[in-house]
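Numbering (the working numbering), first residue to last: 45 to 354.
For each residue, glycine too, the CB sits at the ideal point set by N, CA and C.
If you're wondering where the values come from, they're calculated on a predicted model, not measured in any experiment.
Below you'll find the structure, written out as structure tokens, and then a few comments.
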Amino acid sequence: MIMKKVIKRVFGIAAILSFAMMAQAELLPEVPEGVQAMTVDGRPLFAGKPSEGALQKLAQARADYESDPNDADNIIWYARRTAYTGDYRGAIMIFSEGIEKHPDDARMYRHRGHRYISIREFDRAIADLEKATQLIAGTENQTEPDGLPNARGIPISSLHGNTWYHLGLAYYLNRDWENAYRAYESGFNAARNADNKVSTTHWRYMILRRMGRYEDAERVLDPITADMDVIENMSFHRLCLFYKGELSLEEMMKEVTDNPSGATAGYGVASWYYSNGEKDKAKELFEALTATSGWSTFGYIAAEVDLAAM
């Protein structure tokens with residue numbers, strides 16, 4: 045009798061593990077052990093060493109989740125804190141659990157879509173983010189709390205804005221300019237502050253230039269002024285001023301550094317060169333960007349995609 049119970053338990057565990065492996069295969073592409081993602085051209089990408097602070101916050105988020113694993117906020121913060129340590133694949137699995145438990149919560153799809161972008165799964169990101177747009181349709185917009193608060197402690201993001209922003213990016217990375225522009229237009233319309241306006245304007249400008257609509261690209265810059273109260277997205281703001289001719293190329297290049305805001309500036313200048321037909325200069329900057337350590341930044345990913353297309 046005892047042996048039968050042991051056998052039953054072993055087979056039960058095996059079945060659970062088998063199901064988990066099948067679920068992971070469906071949700072995540074297969075990669076070598078220890079690898080987070082593969083670049084567009086097939087190079088492995090590994091998570092860096094997380095800071096002690098990020099690990100402490102993850103431990104607290106995990107404890108909150110374990111105290112009530114069905115609570116949507118607990119699931120979201122556990123997944124977000126997991127991603128902040130560089131474990132994007134782990135975050136995707138937690139958000140997937142959240143979708144199972146809360147299939148009508150747009151936040152789960154919006155966040156998982158973001159992390160699919162991080163691991164270069166653009167089609168999966170689009171599917172999640174399009175689902176999120178369906179779920180937010182006709183709903184009141186809501187502020188998204190910051191995982192890394194800015195110096196003024198004022199959250200600048202919203203659920204609607206972030207959903208459209210990341211959907212636009214996923215389409216952009218798939219080089220689907222029409223849908224990328226559609227998403228960023230919706231994102232601009234959902235913008236609630238200067239930070240949102242400059243970030244969505246930057247992408248709209250670049251997309252229109254990629255589409256050959258140069259006059260329209262200039263027009264979208266009209267609302268951008270030097271005196272806007274931008275809290276976080278200074279690189280996007282300065283890029284828009286650069287596109288308008290109010291900042292010089294030399295001033296803009298000073299912004300290009302090996303960090304997320306530097307990647308934003310670097311990619312903006314490189315893309316500007318690209319759409320001006322100066323492909324050699326663009327390629328040089330794209331290659332410089334993809335030689336940095338910030339492989340999860342959007343500027344790095346976009347440079348990677350453009351290099352592959354070149």
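Q | Residue environment, GLN80, which counts as buried when at least 16 other CB atoms sit within 10 Å | A | Start at 1 with the first residue of the sequence shown, and residue 80 comes out as number 36. Counting Cβ neighbours within 10 Å, GLN80 comes out buried, since at least 16 surround it.
Q. How many Å lie between GLY97 and PHE90 at the Cα?
A. Residue 97 sits at position 53 when you count from the first residue of the sequence shown. Residue 90 sits at position 46 when you count from the first residue of the sequence shown. A straight line joining the alpha-carbon of GLY97 with that of PHE90 spans about 20 Å.
Q) Hey, out of TYR344, LEU285 and THR183, whose CA is closest to SER305's CA? A) Sequence index remark: in the sequence shown, residue 305 carries index 261 (1-based). It is TYR344.
Q: Would you mind stating whether LEU217 and ILE136 have Cβ atoms separated by less than 9 Å?
A: Position 173 of the sequence shown holds residue 217. Position 92 of the sequence shown holds residue 136. Their beta carbons are not under 9 Å apart, which means LEU217 does not touch ILE136 by this criterion.
(Q) On the criterion of 16 or more Cβ atoms from any shown chain inside 10 Å, does ARG248 qualify as buried, or is it exposed? (A) Start at 1 with the first residue of the sequence shown, and residue 248 comes out as number 204. Sixteen is the threshold: when 16 or more other Cβ atoms of the shown chains lie within 10 Å of the Cβ of ARG248, as they do, the residue is buried.
Q | According to DSSP, residues forming a beta bridge with PRO88 | A | As a first step, residue 88 must be located in the sequence shown, where it is residue number 44. Paired residues: MET82.
Q: Determine the burial state of ALA224: buried for a count of at least 16 other Cβ atoms within 10 Å of its Cβ, exposed for fewer.
A: For the purposes of this step, residue 224 is identified with residue 180 of the sequence shown, where counting begins at 1. Of the other Cβ atoms in all chains shown, 16 or more fall within 10 Å of the Cβ of ALA224; this residue is therefore buried.
Q. What separation, rounded to the nearest whole angstrom, lies between the Cα atoms of TRP208 and ALA107?
A. Sequence index remark: in the sequence shown, residue 208 carries index 164 (1-based). Sequence index remark: in the sequence shown, residue 107 carries index 63 (1-based). CA-CA distance, TRP208 to ALA107, rounds to 32 Å.
(Q) Whole angstroms are fine: how far does the CA of ARG168 sit from the CA of GLU222? (A) Taking the sequence shown and counting its residues from 1, one reaches residue 222 at position 178. Taking the sequence shown and counting its residues from 1, one reaches residue 168 at position 124. Looking at the two C-alpha atoms, the distance is approximately 18 Å.
Q: Would you identify the three-state DSSP class for THR269, choosing helix, strand or coil?
A: Looking up residue 269 in the sequence shown gives position 225. Reduced to three states, the DSSP call for THR269 is coil.
**Q.** ILE198, buried or exposed, once every other Cβ within 10 Å from all chains shown has been counted against 16
**A.** Along the sequence shown, one-based indexing puts residue 198 at 154. Residue environment analysis places ILE198 among the exposed positions, since fewer than 16 neighbouring C-beta atoms fall within 10 angstroms of its C-beta.
Q: Mark GLU165 as exposed unless 16 or more other C-beta atoms lie within 10 angstroms of its C-beta, in which case mark it buried.
A: Here residue 165 corresponds to residue number 121 of the sequence shown, with the count starting at 1. Under this definition GLU165 is a buried residue.
(Q) Using a 10 Å radius around the Cβ and a threshold of 16 neighbouring Cβ atoms, would you call TRP214 buried or exposed? (A) Translated into the one-based positions of the sequence shown, residue 214 becomes position 170. A small fix is needed here, since residue 214 is Ala in this sequence, not Trp. Counting Cβ neighbours within 10 Å, ALA214 comes out buried, since at least 16 surround it.
Q. Can you give the Cα-Cα distance for ARG125 and GLU259, rounded to whole angstroms?
A. Working through the sequence shown from its first residue, we reach residue 125 at position 81. Working through the sequence shown from its first residue, we reach residue 259 at position 215. Distance from the CA of ARG125 to the CA of GLU259, rounded to the nearest whole angstrom, comes to 42 Å.
Q) In the DSSP assignment, what are the bridge partners of SER202? A) In the sequence shown, counting from the first residue as 1, residue 202 sits at position 158. For SER202, DSSP records a beta bridge to THR187.
(Q) With the cut-off set at 9 Å, would you say TYR132 and ILE163 are in Cβ contact? (A) Sequence index remark: in the sequence shown, residue 132 carries index 88 (1-based). Sequence index remark: in the sequence shown, residue 163 carries index 119 (1-based). Yes, these two residues count as a Cβ contact at 9 Å.
Q: Leaving out five residues on either side along the sequence, give the residues of the same chain with a beta carbon under 6 Å from the beta carbon of ILE92.
A: Translated into positions along the sequence shown, residue 92 becomes position 48. A small correction: the amino acid at residue 92 is Gly; Ile does not occupy that position in the sequence shown. Closer than 6 Å at Cβ, skipping near neighbours: GLY130.
Q.
Is it buried or exposed, ASN320, if we count other Cβ atoms within 10 angstroms and call 16 or more buried?
A. Position 276 of the sequence shown, counted from the first residue, corresponds to residue 320. Burial state of ASN320 is exposed, judged by a 10 Å Cβ sphere holding fewer than 16 other Cβ atoms.
Q: Please report the residue range of the alpha helix (DSSP H) in which LEU329 lies.
A: By one-based count along the sequence shown, residue 329 stands at place 285. Looking at the DSSP string, the run of the alpha helix (DSSP H) that includes LEU329 is 323-333.
Q) Got a sec? Which residues, its chain only, sit under 8 Å from ILE161 by beta carbon, not counting five neighbours each side? A) Along the sequence shown, read from residue 1 onward, the residue named residue 161 stands at position 117. ALA169, HIS210, LEU213, ALA214, LEU217, PHE342 and ILE345.
Q | Continuous alpha helix (DSSP H) stretch holding VAL434: start and end | A | For the chain, the structure presents residues 45 to 354; residue 434 sits outside this window and is missing.
Q: Can you tell me which of the three DSSP states VAL50 falls into?
A: Counting from 1 along the sequence shown, the entry for residue 50 is found at position 6. For VAL50, the predicted model reports a pLDDT of 37, less than 50, meaning its position is unreliable and no value from the coordinates is stated.
Q.
Quick check: the region 176-188 against the region 137-150, are at least 3 beta-carbon pairs closer than 8 Å?
A. Under the three-pair Cβ rule at 8 Å, the region 137-150 counts as touching the region 176-188.
Q: Report the three-state DSSP secondary structure of GLU165 (helix, strand or coil).
A: Along the sequence shown, one-based indexing puts residue 165 at 121. Of the three classes helix, strand and coil, the one that applies to GLU165 here is coil, per DSSP.
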